[in-house]
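For reference, the structure is listed below as structure tokens.
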Amino acid sequence: MFEGFGQNKRRKINTESAAEAEHNKPWVEKYRPKKLDDVAAQDHVVNVLKKTLSSANLPHMLFYGPPGTGKTSTILALTKELFGPELMKTRVLELNASDERGISIVREKVKNFARLTVSKPSKHDLENYLCPPYKIIILDEADSMTADAQSALRRTMETYSTVTRFCLICNYVTRIIDPLASRCSKFRFKSLDSSNALQRLKYVAEEEGVKVKAGSLETILDISAGDLRRAITLLQSASKNIGYSGEDEVSKELVEELAAVVPESSIKQIVELVATRDFNKISEYIQEFTRNGWSAASVVSQLHDYYIKSSEYDTAFKNKVSIILFDTDSKLTNGTNEHIQLLNMLIKISQV
Ligand SMILES: Nc1ncnc2c1ncn2[C@@H]1O[C@H](COP(=O)(O)OP(=O)(O)OP(=O)(O)O)[C@@H](O)[C@H]1O
Ligand SMILES: [Mg+2]
Numbered sequence: 052m053f054e055g056f057g058q059n060k061r062r063k064i065n066t067e068s069a070a071e072a073e074h075n076k077p078w079v080e081k082y083r084p085k086k087l088d089d090v091a092a093q094d095h096v097v098n099v100l101k102k103t104l105s106s107a108n109l110p111h112m113l114f115y116g117p118p119g120t121g122k123t124s125t126i127l128a129l130t131k132e133l134f135g136p137e138l139m140k141t142r143v144l145e146l147n148a149s150d151e152r153g154i155s156i157v158r159e160k161v162k163n164f165a166r167l168t169v170s171k172p173s174k175h176d177l178e179n180y181l182c183p184p185y186k187i188i189i190l191d192e193a194d195s196m197t198a199d200a201q202s203a204l205r206r207t208m209e210t211y212s213t214v215t216r217f218c219l220i221c222n223y224v225t226r227i228i229d230p231l232a233s234r235c236s237k238f239r240f241k242s243l244d245s246s247n248a249l250q251r252l253k254y255v256a257e258e259e260g261v262k263v264k265a266g267s268l269e270t271i272l273d274i275s276a277g278d279l280r281r282a283i284t285l286l287q288s289a290s291k292n293i294g295y296s297g298e299d300e301v302s303k304e305l306v307e308e309l310a311a312v313v314p315e316s317s318i319k320q321i322v323e324l325v326a327t328r329d330f331n332k333i334s335e336y337i338q339e340f341t342r343n344g345w346s347a348a349s350v351v352s353q354l355h356d357y358y359i360k361s362s363e364y365d366t367a368f369k370n371k372v373s374i375i376l377f378d379t380d381s382k383l384t385n386g387t388n389e390h391i392q393l394l395n396m397l398i399k400i401s402q403v
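With the working numbering applied, the sequence shown corresponds to residues 52 to 403, in that order.
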């Protein structure tokens, strides 16, 4: 009896934690596109892939582009559409940067998988999926593989191309050695434009029942600059922090606070101060500003955006200010004193 009680209890805990796990799943995973059609804003790539899908003849592929634009999601959706969830287990090998991928692994693991004959699909899979007669090896974050390991792939790719296709994924296409890149069809993923990204973000907010103030989703997208992963993550953390600011909606201020960007009002204040050319006032403000923990690097990039986008200034002014900002940015990267650099930068801009 005692044992039975223990088992029941255990079972209950298990089901609870499963539901909880689903609830606590990061939204980026929960809303990862499941089909090719769900992939937003990469129409060119999706169309070409769909065409190759209909002939079921896939080339080796190289996906490249900035973070959070759908590369990993696209290949996962593609393999699922090709093989279905069951057959995928034996037909797809996925290795990413967290796996050891030195030359020895390429020789062993990749080669062993590449040379395997293809497993037989079940009747159910054959009826529902294309089940082409090859396996797919996904090398995610391939730009972090050593050049030697990449070289070792060359022969493997050719020798086993009858039964295996490769998909290399990277952010920087120039870090893939030429002989590999030339063996692949290349697919460029673009930064998500704001209307597509907004649509996707709205969808997530609606599904999760998050209340958002007008304009806050746009702020999230501005901050994430085309990286949808960053945008969705920011929305999720904002939704968890709604209560703290005393409001019941995700507001622009909350988003800015969480993303550690300087509030727009402060940037405006800085610009106004600079226009007064009053050294003492600027110095005082900067002292208080750095004491509040704002980072100088974000002031530089936000001031850059502000001046460049504004129609109040002429091109000559923008040019000069840009040079000052670039200079400060490089000094900050080298690890100089933030306060002094910020002061120096604003004084210089005030003299333009
Ligand atoms: N084009 C897109 N359409 C729909 N959702 C997207 C798209 N791009 C990114 N996302 C969202 O962002 C998350 C991360 O996307 P994904 O892992 O595919 O990015 P990635 O391009 O592989 O980035 P990285 O280069 O950093 O690996 C996905 O789970 C999804 O929620
Ligand atoms: Mg990825």
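Heads up, the beta-carbon is just placed ideally off N, CA and C, and yes, glycines get one too.
Assigned exposure category for residue i - 16 Cβ within 10 Å defines buried
i, result
"residue 330", "exposed"
"residue 377", "exposed"
"residue 287", "buried"
"residue 177", "exposed"
"residue 157", "buried"
"residue 283", "buried"
"residue 122", "buried"
"residue 150", "exposed"
"residue 303", "buried"
"residue 172", "buried"
"residue 407", "What the structure shows of the chain is the stretch from 52 to 403, and residue 407 is not part of that stretch, so it cannot be assessed."
"residue 381", "exposed"
"residue 383", "buried"
"residue 152", "buried"
"residue 193", "buried"
"residue 191", "buried"
"residue 374", "exposed"
"residue 143", "buried"
"residue 328", "exposed"
"residue 124", "buried"
Delimiting residues of the beta strand (DSSP E) encompassing residue i
i, result
"residue 112", "112-115"
"residue 169", "Segment: none, residue 169 is in no beta strand (DSSP E) and carries neither H nor E."
"residue 186", "186-190"
Rounded straight-line distance, which links the Cα of residue j to that of residue i
i, j, result
"residue 338", "residue 307", "21 Å"
"residue 119", "residue 333", "38 Å"
"residue 148", "residue 212", "24 Å"
"residue 195", "residue 266", "38 Å"
"residue 63", "residue 292", "Confidence in residue 63 is poor, its pLDDT being 49 and thus under 50, which makes the residue's placement too unreliable to answer from."
"residue 126", "residue 253", "24 Å"
"residue 223", "residue 199", "17 Å"
"residue 183", "residue 81", "28 Å"
"residue 386", "residue 72", "41 Å"
"residue 358", "residue 311", "20 Å"
"residue 56", "residue 138", "Note that residue 56 scores a pLDDT of 43, beneath 50, so its modelled location is shaky and nothing firm can be said."
"residue 325", "residue 399", "9 Å"
"residue 353", "residue 281", "18 Å"
"residue 316", "residue 93", "35 Å"
"residue 103", "residue 368", "51 Å"
"residue 390", "residue 347", "8 Å"
"residue 170", "residue 105", "21 Å"
"residue 274", "residue 175", "46 Å"
"residue 247", "residue 396", "37 Å"
"residue 43", "residue 238", "It is not possible to answer for residue 43, since the shown part of the chain is limited to 52 through 403."
"residue 227", "residue 300", "45 Å"
"residue 95", "residue 154", "34 Å"
"residue 320", "residue 336", "9 Å"
Extent of the continuous alpha helix (DSSP H) to which residue i belongs
i, result
"residue 407", "With the chain covering only 52 through 403, there is no way to say anything about residue 407."
"residue 197", "Here residue 197 belongs to no alpha helix (DSSP H), and DSSP marks it neither H nor E."
"residue 383", "366-384"
"residue 122", "122-142"
"residue 342", "330-342"
"residue 353", "347-360"
"residue 94", "94-106"
"residue 307", "303-309"
"residue 318", "315-327"
"residue 80", "78-81"
Integer-rounded CB distance, given that residue j should sit under 8 Å from residue i
i, j, result
"residue 111", "residue 208", "6 Å"
"residue 251", "residue 91", "5 Å"
"residue 130", "residue 187", "6 Å"
"residue 278", "residue 77", "With a Cβ gap of about 15 Å, residue 278 and residue 77 do not count as contacting."
"residue 372", "residue 322", "Not really, about 10 Å apart at Cβ, beyond 8 Å."
"residue 204", "residue 231", "6 Å"
"residue 135", "residue 185", "With 8 Å as the limit, residue 135 and residue 185 do not qualify as a contact, their Cβ atoms being about 15 Å apart."
"residue 218", "residue 114", "7 Å"
"residue 109", "residue 216", "5 Å"
Interface flag, residue i vs chain C, CB-CB below 9 Å
i, result
"residue 393", "Absence of chain C from the displayed structure is noted, only one protein chain being present."
**OP:** Could you name each continuous alpha helix (DSSP H) segment of 4 residues or more that falls completely within the region 204-284, going from the start of the chain to the end?
**Re:** 229-232, 245-259 and 267-275
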